[in-house]
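Undergrad:
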């Protein structure tokens, strides 16, 4: 283990403040070899977790002891014990409500995930070189602590480049002005990269499992390198060296894109410091309205690249993004990557030996403000993920739960190797692919025969096959011929229905129990006051489970429909036959071992089953929308969770538990015939939201007029740029790019002053806006028109300008965000704002530029750089609560009377039910479809909540992150409507109740300044 200087942590820490580290002038050598990594946090302070933060999870990630992380070709190991890593991707900046990070993490843990993968977005933390903010919505130390508390290992992915469909792929926008190419060892860029890594590693490093600091178990260097050219190999080698020097001691890896190419293999070129090989796989593609791709096998190919490391999927498809201009919403991506695909993908990955697997995305979230890459999508980054943008659980999560629970319950999966699969007999439908894996480690203890647990997977080889096939196969466990046909019951079979897939467990011993095989999927096995085996299958399909006993046991149906039982006195097998549908519970006793309670359900029921660590035992909770946490206190089991409606809960609790609480309230419980505690849980109260039908309004674009005073604006008079993509313009002769003047996001105004030498007839404007951006052009206050990205020529009306008479050309450019640079070809450095202007007969033009107030050092550090652009109303704080609007006109209409910018403000008084988690959205209605050319910036309590572009689409409804809202009190909604024509604008804007659950995680409104607080600075 490499020594490093990160101080150990033993207790949670309070929030920290902004930190400034040494500038880039300190140089590359210091960045590489400074003996102490830059830390944004002081040493840990004493403190203790609140009740809401307390955890019953005790695992190597939070026991404050140093652990070893090793691996072989089968799996990762913690202190020599094998671990299957089942992870979900979560982007903290896309949930700008830090209290609710815990909500997502608890949902992951309760659904069987044992890890979370976290990108770290450099630009989100750094608006100027050398300054890093890790406070408030950017407090990653708090995030990593939450993960530890909730029992989740962390895969840390700090880039520097992360892609992630985020602005500049995660790089800070000031880097767009650098001369050298990004993602190379260019000295200026590399020095910045290494400074970022020092800052972020100062936090990540204190949370490593290898030092007892936390639950970080793996660390990704860079992201999806486009090739293995010499310059990229040199670059990633320098990053790896720096990361090791900065004290990262967990295994390093890089994610090879596009199903893997064998690049950056540990010990090879570009992988000298890497421990693991990992790859990304998105088999369906990204066109959610198109045809699905097909699944394929990859194990042999991947093991050929890296034979001594486990199969590691750094990003496995969990959805897809949706681009501007599509004719569908993000829910189509949930349908595209639906429950059937989720199941197929999990089965195929098990069949191919993936023991480290990360689903991208597990929670998509929101590209609030200007954080997103406009080339990849709009405000919503829902991604069709298993947890939706408003944090609601979708049916896909239940499928993932099946495989998370399975891999946790059946430990031999971690060491299973490819094995000869049985021959199938298939009737009806298309062919079926069968694969088998066998674990021979500790086989005497973990298998019935002593020859090893078997994992058998079934699916159609064409993953888009929609036929229905019925399957049987022989099963030989000991070499004596075994079972000639599984299932044994005549006229039954295993059903593979269309895009279905299934995983069967055979020859598996757990505790004193011997599972010969089951044609149901094993959901979990546990002890919750009694030994439990939980099985599930597709509704209406046959199920058969065979258990081996020393003598014939007694089978008692204690809940639901009975099962058919058959005793084989020769093999001493108890066979259970049933159809999947609803729920049934049987108790098996007197077979010579411990009693076993078998719960048999269908896949629909898995959504309501939750296995929880209760500290001194485990609990199985059946019924609610979500069971979050469990803790035994004497004879009481304290549960927390969510209900979407009132209903029944059934709890198998640890031994000795007699009473239940739910969300800190005692519930009356009785025992059913199975010994489970049964109670009724309340549902949420009705939610009402106010109408948004009365607004105050003000025009807000005086910059368009000829006599506007722009003397305090920045002169745009530079004639060179280090990044030549930024200019100068061929016609203007000056650099007009917004980034060169410190204005990186949103709208930027330009005013060009000139005195015509002749009566010019045209103005040619070239802009760089990013996808779906636009520019509006006025000459001496006269509106010439609007355009999108690229060039446009405007005709100057006769007599509008005269030779010798001063004129002003005013241009408003909407920057939709910076492109990412996935192909490493400089796309993110292409520029924003005006690229060039050619005014016929203009002579010399003096340009002035104005973007966001404060430029790259915003006064509002809580909301930060990506919150605001340079609209007049933004610069005056009209988006903020408390802005003076009493003199504004009242209106019920949101239609613009002319091209330009108009602001609307209203107040929404909320009184949301206490003790509930209510998701609110804001919906814009326009019956005219995409005909009206206008756009709306949506601000809620000062936070830039979303971008609506009517003539581009498709998004109409915007999730409001809960941290933006005051749940009990007045909330300010401000709309900045930019119209390209007269008479356009929303028909209406309304708040929408997107769903409410009783429970949730306690949260509060984000701390951020209002108008008065900012005005006082």
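In our numbering, the protein residues as written are 1307 to 2323. Backbone N, C-alpha and C define an ideal beta-carbon position, used for all residues, glycine too.
Excluding the 5 residues preceding and the 5 following residue 1989 in the sequence, name in chain order all residues of the same chain whose CB lies nearer than 8 Å to its CB.
TA: The answer, listed in chain order, is 1949, 1950, 1951, 1952, 1953, 2304.
Undergrad: Going by DSSP, which residues form a beta bridge with residue 2074?
TA: In DSSP, residue 2074 forms a bridge with 2139.
Undergrad: Would you please state the rounded distance, in angstroms, between the beta carbons of residue 1825 and residue 1804? I believe it to be under 8 Å.
TA: Not quite, the Cβ-Cβ distance comes to about 18 Å (not below 8 Å), so this is no contact.
Undergrad: Write down the C-beta distance between residue 1614 and residue 1378 rounded to the nearest angstrom, noting that I regard them as a contact closer than 8 Å.
TA: With a Cβ gap of about 7 Å, residue 1614 and residue 1378 count as contacting.
Undergrad: Could you tell me the distance, in whole angstroms, from the CA atom of residue 1446 to the CA atom of residue 1583?
TA: The straight-line gap from Cα to Cα measures roughly 26 Å.
Undergrad: Suppose the cutoff is 8 Å on Cβ atoms and the five residues either side in sequence are ignored; what does the same chain contact list for residue 1491 look like?
TA: Counting only Cβ-Cβ distances below 8 Å, and skipping sequence neighbours, we find 1537, 1540, 1541, 1544.
Undergrad: So residue 2254 and residue 2266 are in contact, right, with Cβ under 8 Å, and what is the actual spacing, rounded?
TA: With a Cβ gap of about 13 Å, residue 2254 and residue 2266 do not count as contacting.
Undergrad: Mapping DSSP to helix, strand and coil, what is residue 2238?
TA: Coil, per DSSP.
Undergrad: Going by DSSP, what residue range makes up the alpha helix (DSSP H) through residue 1260?
TA: Because the chain spans 1307 through 2323 in this model, residue 1260 falls outside it and cannot be assessed.
Undergrad: State yes or no: is the C-beta of residue 1472 within less than 9 Å of the C-beta of residue 1664?
TA: Not in contact: residue 1472 and residue 1664 (Cβ atoms no closer than 9 Å).
Undergrad: Let me check understanding here. Comparing Cα to Cα, which of 1686, 1766, 1902 lies closest to residue 1832?
TA: When each option's Cα is compared against that of residue 1832, the closest is 1902.
Undergrad: Report yes if the C-beta distance between residue 1969 and residue 1945 is below 9 Å; otherwise report no.
TA: It is a contact, given that the beta carbons lie within the stated cut-off.
Undergrad: Less than 8 Å between the CB atoms is what I'm expecting for residue 2176 and residue 2045, so what's the real figure, rounded?
TA: That pair is no contact at about 13 Å.
Undergrad: Let me know the alpha helix (DSSP H) ranges lying completely inside the region 1696-1764, each 4 residues or longer, listed in chain order.
TA: List check, alpha helix (DSSP H) in window: 1701-1715, 1749-1752.
Undergrad: Thinking C-beta only, is residue 1511 closer than 9 Å to residue 1917?
TA: Going by C-beta atoms, residue 1917 is not nearer than 9 Å to residue 1511.
Undergrad: Do you know whose CA, among 1913, 1943, 1906, 1931, lies nearest residue 1264's CA?
TA: The question about residue 1264 has no answer here: the residues shown for the chain are numbered 1307 through 2323.
Undergrad: Expressed to the nearest angstrom, what Euclidean distance is found between the alpha-carbon atoms of residue 1661 and residue 1713?
TA: Their Cα atoms are separated by approximately 9 Å.
Undergrad: What's the gap between the Cα of residue 1792 and the Cα of residue 1752?
TA: The straight-line gap from Cα to Cα measures roughly 21 Å.
Undergrad: List the endpoints of the continuous alpha helix (DSSP H) containing residue 1912.
TA: Its alpha helix (DSSP H) spans residues 1909-1912.
Undergrad: My assumption, with CB atoms under 8 Å, is that residue 1839 sits in contact with residue 1904. Please give the rounded CB distance.
TA: At roughly 5 Å, the Cβ-Cβ gap stays under 8 Å, so residue 1839 and residue 1904 are in contact.
Undergrad: Where does residue 1939 land, buried or exposed, given buried means 16+ other C-beta within 10 angstroms?
TA: Residue 1939 comes out exposed.
Undergrad: Take the Cβ of residue 1972 as the centre, count every other Cβ of all protein chains shown within 10 Å, and call the residue buried at 16 or more, exposed below.
TA: Exposed, by the Cβ-count rule.
Undergrad: Rank 2154, 1681, 2111 by C-alpha distance to the C-alpha of residue 1469 and give the top, closest one.
TA: Among 2154, 1681, 2111, the Cα nearest to that of residue 1469 belongs to 1681.
Undergrad: Excluding the five sequence neighbours on either side, which residues of its own chain have a C-beta within less than 6 Å of the C-beta of residue 2339, listed in chain order?
TA: Since the displayed the chain opens at 1307 and closes at 2323, residue 2339 lies outside it and no answer follows.
Undergrad: Here's the rule: buried if 16 or more other CB atoms are within 10 angstroms of the residue's CB, otherwise exposed. What is residue 2111?
TA: It counts as exposed.
Undergrad: Which of the three DSSP states, helix, strand or coil, is assigned to residue 1398?
TA: Helix.
Undergrad: Can you tell me whether residue 1610 is buried or exposed, with buried defined as 16 or more other CB within 10 angstroms of its CB?
TA: Exposed, because fewer than 16 other Cβ atoms sit within 10 Å of the Cβ of residue 1610.
Undergrad: Could you tell me if residue 1462 is buried or exposed, where buried requires 16 or more neighbouring beta carbons within 10 angstroms of its beta carbon?
TA: Answer is buried; the Cβ neighbour count reaches 16.
Undergrad: Where do the ends of the alpha helix (DSSP H) carrying residue 1374 lie?
TA: Run containing residue 1374: none; DSSP gives neither H nor E here.
Undergrad: What span of residues does the alpha helix (DSSP H) with residue 1606 cover, start to end?
TA: From DSSP, the alpha helix (DSSP H) with residue 1606 extends over 1605-1611.
Undergrad: Please state the DSSP three-state secondary structure of residue 2250.
TA: DSSP places residue 2250 in strand when its eight states are reduced to three.
Undergrad: Just to confirm my understanding: we take residue 1585, look at its own chain, exclude 5 residues before and 5 after, and list those with CB closer than 7 Å. What are they?
TA: Within the same chain, residue 1585 has close Cβ partners 1561, 1562, 1565, 1566, 1608, 1619, 1620.
Undergrad: Between residue 1924 and the rest of its own chain, which residues show a CB-CB distance below 6 Å, the 5 nearest in sequence each way excluded?
TA: Taken in chain order, the residues that qualify are 1832, 1834.
Undergrad: Shortest alpha-carbon distance to residue 1497 belongs to which of 1435, 2076, 1535?
TA: If we check each option's Cα against that of residue 1497, 1435 comes out closest.
Undergrad: With C-beta atoms as the reference, is residue 2210 less than 9 Å away from residue 2281?
TA: Yes, the Cβ-Cβ distance between residue 2210 and residue 2281 is below 9 Å.
Undergrad: Any idea which residues DSSP pairs residue 2043 with across the strands?
TA: Answer is 2139.
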